[in-house]
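As given, the protein sequences belong to chains A and B, one line each in that order. Residues in the first sequence are numbered from 136 upward in steps of one, following the numbering used here. Residues in the second sequence are numbered from 6 upward in steps of one, following the numbering used here.
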Amino acid sequence: GAGVSQSPSNKVTEKGKDVELRCDPISGHTALYWYRQRLGQGLEFLIYFQGNSAPDKSGLPSDRFSAERTGESVSTLTIQRTQQEDSAVYLCASSSRRKETQYFGPGTRLLVL
Amino acid sequence: AQTVTQSQPEMSVQEAETVTLSCTYDTSESDYYLFWYKQPPSRQMILVIRQEAYKQQNATENRFSVNFQKAAKSFSLKISDSQLGDAAMYFCAYQVQGAQKLVFGQGTRLTINP
């Protein structure tokens, strides 16, 4: 079946602009995660959605970052008033309720000029 | 706080030989999972192997195997018969059972020399 998909693949924006990143999880996966990967670094957890439960936002670095998910489908990560330090690859992952393994999408590379 | 440490920023190996990537972690939990992910230049994170902490037997997946030492909090990845397609960044990751987030190490860049 189809894997996790993300769009856009690459995004270049100017400092101060808002950006929206999209993630389509694997069909039937109830859990969805967002991670950030700065150049040459490991992944940092941002936010987690599980079904209709309240999301775990503990990894969001500032109030400029927010994410939404409707039910068990698409999620969008929004970064407002982007800063140069927001430049990174943003990766989305999903997992099923019964298994812990997370399956990742190809990521969105964000460059803030 | 849980941390994952990969002490080898870069490794290289000759094609067809065996290489071992190191990973240590720090936790006070008893039930958790450990993972190795591969990230080629395409950026896609690909699951290589997974280990449940309660299992004493080391996980294996074809040419990939782990050496899980729970007491030492060590989780190394052995790649046998290395192939050119194995070249990538390799990340070790930890997840508390029942928790959500993965905690990643900084990664090891593996180069395969033909």
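We put the CB at the ideal spot given by N, CA and C, even for glycine. In this text the structure is predicted, and so the values were computed from the model without any measurement.
Taking only beta carbons into account, state which residues of the stretch 33 to 65 of chain B come closer than 7 Å to chain A, listed in chain order. The residues in question are 38, 47, 48, 49, 50, 52, 55.
With a threshold of 16 other CB atoms inside 10 Å of the CB of residue 20 (chain B), please say whether the residue is buried or exposed. Exposed is the call here.
Out of curiosity, what's the CA-to-CA distance linking residue 184 (chain A) and residue 231 (chain A)? About 12 Å.
Below 9 Å between beta carbons is the criterion; list the residues of the stretch 201 to 212 of chain A that meet it against any residue of chain B, in chain order. Residues of the stretch 201 to 212 of chain A with a Cβ closer than 9 Å to any Cβ of chain B: none.
Quick check on residue 96 (chain B) - is its C-beta less than 7 Å from some C-beta in chain A? Yes, contact with chain A.
In chain order, what residues of the same chain have a beta carbon less than 6 Å from the beta carbon of residue 107 (chain B), not counting five sequence neighbours either side? Leaving aside the five residues that flank residue 107 (chain B) on each side, the residues in its chain whose CB is nearer than 6 Å to its CB run, in chain order, 98, 100.
In terms of residues, what are the limits of the beta strand (DSSP E) holding residue 94 (chain B)? For residue 94 (chain B), the enclosing beta strand (DSSP E) stretches over residues 93 to 101.
Within chain A, partners of residue 107 (chain B) - CB distance below 9 Å: The contacting residues are 168, 170, 178, 180, 228, 237.
Nearest-angstrom Cα distance between residue 142 (chain A) and residue 220 (chain A)? Taking the straight line joining both Cα atoms gives about 20 Å.
Inter-residue Cα distance where the pair is residue 72 (chain B) and residue 56 (chain B): Answer to the nearest angstrom: the Cα atoms are 10 Å apart.
By the 10 Å Cβ neighbour count, where 16 or more other Cβ atoms means buried, how is residue 59 (chain B) classified, buried or exposed? Result: exposed.
Closest residue to residue 188 (chain A) among A:176, A:163, A:167 (Cα-Cα distance): From the listed residues A:176, A:163, A:167, the smallest Cα separation to residue 188 (chain A) is found for A:167.
Hey, would you say residue 87 (chain B) sits closer than 7 Å to residue 22 (chain B), going by beta carbons? The Cβ-Cβ distance between residue 87 (chain B) and residue 22 (chain B) falls below 7 Å.
For residue 280 (chain A), count neighbouring Cβ atoms within 10 angstroms of its own Cβ and tell me buried if that reaches 16, exposed if not. As shown, chain A starts at 136 and ends at 248. That puts residue 280 (chain A) outside it, with no answer to give.
If you drop the 5 nearest sequence neighbours on each side, which residues of the same chain put their C-beta closer than 6 Å to that of residue 84 (chain A)? For chain A, the structure presents residues 136 to 248; residue 84 (chain A) sits outside this window and is missing.
Using a Cβ cut-off of 7 Å, pull out every chain A residue sitting near residue 112 (chain B), in sequence order please. Taking the beta carbon of residue 112 (chain B) as reference, the chain A residues within 7 Å of it are 177, listed in sequence order.
Say whether chain B places a C-beta atom closer than 7 Å to the C-beta of residue 183 (chain A). Interface criterion met: the Cβ of residue 183 (chain A) is under 7 Å from a Cβ in chain B.
Test item: CB-CB of residue 28 (chain B) and residue 11 (chain B) under 7 Å: For the pair residue 28 (chain B) and residue 11 (chain B), the CB atoms are nearer than the 7 Å cut-off.
With which residues is residue 228 (chain A) paired in a DSSP beta bridge? A:168, A:239.
Using only alpha-carbon positions, find the residue among B:117, B:8, B:39, B:31 that is nearest to residue 85 (chain B). The shortest CA-to-CA distance from residue 85 (chain B) to any of B:117, B:8, B:39, B:31 is the one to B:117.
Is there a Cβ from chain B that is less than 7 Å from the Cβ of residue 224 (chain A)? Answer yes: the Cβ-Cβ gap between residue 224 (chain A) and chain B drops below 7 Å somewhere.
What does residue 100 (chain B) touch in chain E if you count any residue whose Cβ is under 7 Å from its own? The structure shown contains no chain E; the protein chains it does contain are A and B.
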